[in-house]
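2 protein chains.
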Amino acid sequence: MKLLEDRILSEGKVLPGNILKVGSFLNQQIDTELLAAMADEISHLFARSGVTKIMTVESSGIALAAAAGMAMGVPVVFAKKHKTSNVDGNVYSAQAHSFTHGNDYTMVISRDYLLPDDCILLIDDFLAVGNAVNGMISLVEQAGACLAGAAIAIEKGFQGGGDTLRKSGIRVESLALIDSMTDSGVVFRK
Amino acid sequence: MKLLEDRILSEGKVLPGNILKVGSFLNQQIDTELLAAMADEISHLFARSGVTKIMTVESSGIALAAAAGMAMGVPVVFAKKHKTSNVDGNVYSAQAHSFTHGNDYTMVISRDYLLPDDCILLIDDFLAVGNAVNGMISLVEQAGACLAGAAIAIEKGFQGGGDTLRKSGIRVESLALIDSMTDSGVVFRK
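These protein sequences, in sequence, are chains H and P.
Position one of the first sequence corresponds to residue -5 (the working numbering), numbered consecutively onward.
Position one of the second sequence corresponds to residue -5 (the working numbering), numbered consecutively onward.
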């Protein structure tokens, strides 16, 4: 998506440790015009996939998930992050590791909001090695729901998570797919 | 806002400790049609207030803030929650207490995203005693920005935070304003 790629080139900052800072338009401050355009693109990409619900994990994917949900006319559910794996109650849960924060966590969602007849589109702001998406896929499988695929704002292609998912047969659509990222610049996959 | 009040009456659950569960349409699962209607209402209410930016605090207000930002055509910024008050760097910070989680935290926002010539609309999902809103007001004041007011999805009027803010001259618009809430039902302010 050229609009997002251009914005990454003009405002993104590459930091040590494969961190791409996009706080000025995507993470800490959201350009809502860009957000709406991204949501429209996701709605277009998955228009024929029978999506009944969007799922994201709190909190940085919430804005894009909500915008895409409005564009597609489907509800949005959030998996919540718990520090401990000690989760009780009527929930599905999955272990995950945060690349950004360097810690493990448990993602949890109520069984009431993920149903066997749902067809789920996963949404997140970043995809690197794929921990958050893999955790959400586990939640979808536990519910016996169908998986339409994953829509990602920015994929760090060089970290491999997206291609591993694609090889396993999962549809992954990234609005910006980065092939390499150094001090001298960001290169997108053609 | 009748649409939201009706939904609270039909799906909200009152739990001990003045907790109102609205997970099925507002918190854990979001009805995006309702979300869009709420965002339109906020846009209408603050149409003439010169709002340049919306601020919320992660994470439960993000979806409504993003939707309202798209409806109003302004960017959205998030204050982030830190467990410790040990915050450094180029930020404004304020102490707050979470009514829901029963803990203290520090809310933090980069100075880059809150400017003296901004006119800020605060958005959150709940207003009870007003801790989150008061923390965000402190951030706005530290930045020397103007405050257009606060737009809240659900105000628990009986906890007093909203009226205290109104008495201090701040415009607070709550889409549903609850006067009392017991096992036998929820009563809205006329």
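Cβ atoms here follow ideal geometry from the backbone N, Cα and C, with glycine treated the same way.
Please name the residue, chosen from the options, that lies closest to residue i on a Cα-to-Cα basis.
i	options	result
P110(P)	E135(P), D157(P), N84(P), Q22(P)	E135(P)
G138(P)	L14(P), M175(P), Y107(P), G63(P)	Y107(P)
L171(P)	D177(P), Y86(P), F152(P), A65(P)	F152(P)
E35(H)	D25(H), D112(H), M(-5)(H), S174(H)	M(-5)(H)
I146(P)	I131(P), S162(P), E167(P), G154(P)	E167(P)
V8(H)	S54(H), M175(H), F182(H), V127(H)	M175(H)
G44(P)	L141(P), D177(P), S162(P)	L141(P)
L39(H)	F72(H), V181(H), I117(H)	I117(H)
H76(H)	M101(H), L58(H), L133(H), A65(H)	M101(H)
F120(H)	G55(H), S18(H), T46(H), V71(H)	G55(H)
T46(H)	G124(H), L169(H), L14(H), D112(H)	D112(H)
T50(P)	F72(P), S37(P), T26(P)	F72(P)
S104(P)	S18(H), L115(H), I131(H), N125(H)	S18(H)
Q23(P)	A90(H), L115(H), A65(H), I48(H)	I48(H)
S37(P)	D173(P), D177(P), A144(P)	A144(P)
L185(P)	A59(P), V85(P), G67(P)	The displayed coordinates of chain P run from -5 to 184. Any statement about residue 185(P) would go beyond what the structure contains.
T26(H)	V85(P), V68(P), T26(P)	V68(P)
V70(P)	A90(P), D173(P), S53(P)	S53(P)
M185(H)	D173(H), L115(H), G83(H), A90(H)	Within the shown structure, residues of chain H are numbered from -5 to 184, placing residue 185(H) beyond reach of any answer.
Alpha carbon to alpha carbon, how far is residue i from residue j?
i	j	result
A88(H)	T158(P)	42 Å
S92(H)	A122(H)	10 Å
I148(H)	N21(H)	11 Å
K150(P)	I164(P)	17 Å
L(-2)(H)	R42(H)	23 Å
N128(H)	A61(H)	22 Å
K15(P)	K161(H)	41 Å
E5(H)	L169(P)	36 Å
A57(P)	G63(H)	10 Å
G155(H)	L3(P)	44 Å
G179(P)	N125(P)	26 Å
M130(P)	K184(H)	43 Å
P189(H)	F182(P)	No information on residue 189(H) is available, as it lies outside the stretch -5 to 184 that chain H covers here.
M32(P)	A31(H)	20 Å
I13(H)	G96(H)	12 Å
Y99(H)	S132(H)	14 Å
Y86(H)	K74(H)	11 Å
R1(P)	D173(P)	16 Å
A90(P)	N84(P)	19 Å
D177(H)	D177(P)	59 Å
Can you pull the chain H neighbours of residue i, defined as C-beta to C-beta under 8 Å?
i	result
A61(P)	A60, A61, M64
I want to verify the contact list: residues of chain P whose CB lies under 7 Å from the CB of residue i, in sequence order.
i	result
F40(H)	Chain P residues near F40(H): none, gap ~15 Å exceeds 7 Å.
E52(H)	S53
F72(H)	Q22
Quick one: list the residues of chain H neighbouring residue i, beta-carbon separation under 9 Å, in chain order.
i	result
G17(P)	S104, D106, Y107
V166(P)	Within chain H, no residue comes near V166(P); the closest Cβ sits about 23 Å away, beyond 9 Å.
F93(P)	Ordered by position in chain H, no residue passes the 9 Å Cβ test against F93(P), which lies about 18 Å from the chain.
By the DSSP assignment, the alpha helix (DSSP H) with residue i in it spans what residues?
i	result
L3(P)	-4 to 5
Quick one: does the C-beta of residue i sit closer than 6 Å to a heavy atom of the ligand MN?
i	result
V180(H)	With respect to the ligand MN, the structure offers nothing, as it holds no ligand at all.
Can you name the residues of chain H whose CB is closer than 7 Å to the CB of residue i?
i	result
P69(P)	Q23, I24, D25, T26
L20(P)	Under the 7 Å cutoff, chain H gives no residues; its nearest Cβ is about 11 Å from L20(P).
I56(P)	S53, I56, A57
Starting from residue i, trace the beta strand (DSSP E) both ways and give me its first and last residue.
i	result
F120(H)	113 to 121
N97(P)	97 to 104
Going along chain P, which residues have a C-beta under 9 Å from residue i?
i	result
A30(H)	M64
Quick one: is residue i near chain B, going by C-beta distance under 7 Å?
i	result
G154(H)	Among the protein chains of the structure shown, namely H and P, there is no chain B.
Would you mind listing the alpha helix (DSSP H) stretches within the region 129 to 181 of chain P that are 4+ residues and don't spill past its ends, in chain order?
With a minimum length of 4 residues, the continuous alpha helix (DSSP H) runs that stay inside the region 129 to 181 of chain P are 155 to 161.
| query | Quick one: complete beta strand (DSSP E) runs, 3+ long, within the region 11 to 91 of chain H? | reply | List check, beta strand (DSSP E) in window: 13 to 15, 47 to 51, 70 to 76, 85 to 91.
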